[in-house]
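Engineer: Sharing a structure with you now.
Okay, here's the thing in structure tokens:
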């Protein structure tokens with residue numbers, strides 16, 4: 009996290025909807041990480057696999073980081089993958 013903290017005000021991600029600084033990405037990821045842990049009633053996911061099913065936007069990045077912060081293992085589900 010220290011590398012992100014040093015660049016906190018710089019733009020990390022710019023998509024067609026908005027711009028995100030390192031600080032904002034880290035903040036959103038931490039909040040989602042806490043929500044994931046609370047919903048699973050765990051403080052540590054202990055390498056549990058968590059599926060990520062979202063568009064290839066900032067939500068994808070935030071989801072992956074949040075799962076890592078909770079000590080989980082993200083696996084990505086593609087919307088293009090056959091049912």
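In the numbering used here, the protein residues as written are 9 to 91.
Glycine included, each C-beta is placed from N, C-alpha and C at the ideal position.
For the segment 53–63 against the segment 14–30, are there 3 or more C-beta pairs whose distance is under 8 Å?
Structural biologist: no
Engineer: With a threshold of 16 other CB atoms inside 10 Å of the CB of residue 73, please say whether the residue is buried or exposed.
Structural biologist: buried
Engineer: Under the rule that 16 or more other beta-carbon atoms within 10 Å means buried, what is residue 61, buried or exposed?
Structural biologist: Exposed, because fewer than 16 other Cβ atoms sit within 10 Å of the Cβ of residue 61.
Engineer: Of the residues 34, 78, 26, 25, which one's Cα is nearest the Cα of residue 16?
Structural biologist: Looking at the Cα atoms, 34 is the closest of the given residues.
Engineer: Quick one: what does DSSP say residue 53 is sitting in, helix, strand or coil?
Structural biologist: coil
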